[in-house]
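One structure below.
Residue numbers (mature numbering (1 follows the signal peptide of the UniProt record, and there is no 0)): -22 to -1, 1 to 620.
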């Protein structure tokens, strides 16, 4: 029961994320009237849609639409059932829009069948209104027969414009996490009335985020599979998947995942789960995953975009950064801005007063600043204002997580970046010059004694990997013999890194497969004080090793994600990985540290270290110890911002 309550709470926070109160709930009922519709798509499938119209809307007081499409349900259901809040923030709710919430096809009260990350097939803009077709018939002519999230968004907008009175002819769309995917998909072959879209923490490619990182399985996401792998028998307003969650019998996440053993043992829980079966049968980046990536389709984008993310988002960091950069590259001239704050997953949508991530305090009311000064300004300009792109917002609005302040940039990556290589020496130091490649540091990696991803005890009820690990103290890992640690001398001046971190390792292993984890860490000075908002008021941050960025590479994919290959025991080989962008100032008196390890459990599943064709089908006796070596010509490329 606890697990079900947790999941339901998460779904509500995704839909109506800002701070809830009786006062705001009364405002919704007093200021909006709610209507529910079944909107027909071009193939006759009808999608359940809730529309909240300002009560003062009239022929002389028209409002734009703000659309939210989701697979998580648009509760509360019923024309007389109102949520505590509508819209992405209280600010926008009070400014008033026609807020539209829709269950995507195959989910909750909508008809049709559900597909995870529906492949994009309608890259050409439809030209015939969907609802003009007889039920089950698709118009001919210039209309593509493709059915995907882009076409469903197009058809929904077309219906709304022609059916809901007192609209001003403009539409915006927003969504966080999975709804962020639906938002960016709606911008592909977009309806002409879609003027502004804000994909926030958008899922973009499940082989590189959420369920995988560079092909390595995010094992802590195992408990989320009922949400995405169970078809409902018919449209419903009830959580049809609720009885499919694993009854772990313990709250100790590490213990449960460890005792599970090889991933093949998870089959007993998900015998009928279609998404788990798809995951198991597609261990490589094959056509199945490639078709579900939105990235190749981000061309000819017409709506203005504001992509939003959190620097400490444990689920979807890859998505916002990759979407922004791809749109920027493929669509010169389109309004395209990036916002990255000091947040975990979706935390910018909920003001907590004191902005913390784990032990790190960044300031007060940072989410409110974003909602009022960035998000509201974006939608107001394009949906109510001149819409000429002169928003007063920069190209990139990014938070420096070391200086703890917002910064603006005319482009991202910034023009003033210089790449500074630092090498991993056998003296455990980071040096400006590398070695000959003949020296190395080595460690024993044992699947039966994996490196934990977190010192804190995590629970099986965590919907996704614990956000706090993204900035957590790494001293527990530094003390382990199977974690290599390298650091600079004490910095004599501030060092600001802004952009993509690249690790280029020279490694060997006594086995035939291995994972490689690289972590970038900010080491605080011994006299660093605490702050008033620490859970333990007596705690200080002296010698704290704050993780700033980290990533894993499944070694079999070092040359190709499509065609994995084993290591040759003892042979030196390259393993290159990207740690994603950062904007972080390492302050004078601090140190910069790099850690390298080969397990990160149970965030990431254990590598057998013996090459098998499919790790999801590995047996217990496939797992073995291995000796891994990291050579002194391994380098980390740091983007130094001048």
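C-beta atoms are modelled at their ideal positions from N, C-alpha and C, and glycine is treated no differently.
Our two residues, residue 20 and residue 602, have alpha carbons roughly 54 Å apart in a direct line. Across the set 329, 368, 505, 141, the C-alpha of 505 shows the shortest separation from the C-alpha of residue 518. For residue 145, the enclosing beta strand (DSSP E) starts and ends at 145 to 154.
In the three-state scheme derived from DSSP, where H, G and I count as helix and E and B as strand, residue 456 is classed as helix. Beyond the five residues adjoining it in sequence on each side, residue 576 comes within less than 6 Å, by CB distance, of 423, 492, 493, 606 in the same chain, given in chain order. Distances from the CA of residue 50 to each of 92, 67, 58, 74 were compared; the closest alpha carbon is that of 92. Excluding five sequence positions before and after residue 554, the CB atoms of its chain that fall closer than 6 Å to its own CB belong to 482, given in chain order. DSSP places residue 518 outside both helix and strand once states are collapsed to three, so it counts as coil.
Between residue 185 and residue 267, the C-beta gap is smaller than 9 Å, which places the two residues in contact. The C-beta distance from residue 538 to residue 496 rounds to 20 Å, too long to meet the 8 Å contact threshold. The three-state secondary structure of residue 539, taken from DSSP, is coil.
The three-state reading of DSSP puts residue 607 in strand, counting E and B together.
Here residue 472 is exposed. Its C-beta has fewer than 16 other C-beta atoms within 10 Å. A contact between stretches requires three or more CB pairs, one per stretch, nearer than 8 Å, and the stretch 57 to 72 meets this requirement with the stretch 346 to 360. Annotation for residue 24: the continuous beta strand (DSSP E) segment containing it runs 24 to 32. The stretch 39 to 57 and the stretch 136 to 151 touch, with three or more beta-carbon pairs separated by less than 8 Å. Residue burial annotation: residue 520 is exposed, with fewer than 16 other C-beta atoms found within 10 angstroms of its C-beta. Assignment of beta strand (DSSP E) within the stretch 305 to 386, counting only whole runs of 3 or more residues, yields 314 to 319, 332 to 335, 338 to 342, 374 to 378 in chain order. Of the residues 365, 132, 187, the one whose Cα lies closest to the Cα of residue 291 is 187.
Three or more Cβ pairs drawn from the stretch 562 to 569 and the stretch 455 to 475 lie within less than 8 Å of each other, which places the two stretches in contact.
In the structure shown, the three-state DSSP call for residue 42 is strand. Linking residue 221 to residue 254 through their CA atoms gives a straight-line distance of about 16 Å. Measuring C-alpha to C-alpha distances from residue 31 to each of 13, 90, 5, 499 identifies 13 as the nearest. The Cβ atoms of residue 437 and residue 229 sit closer than 9 Å to each other.
Under DSSP, residue 273 shares a beta bridge with no residue. Secondary structure at residue 472: coil, using DSSP grouped into helix, strand and coil.
Of all alpha-carbon atoms in 23, 393, 174, the one lying nearest the alpha-carbon of residue 312 is that of 174.
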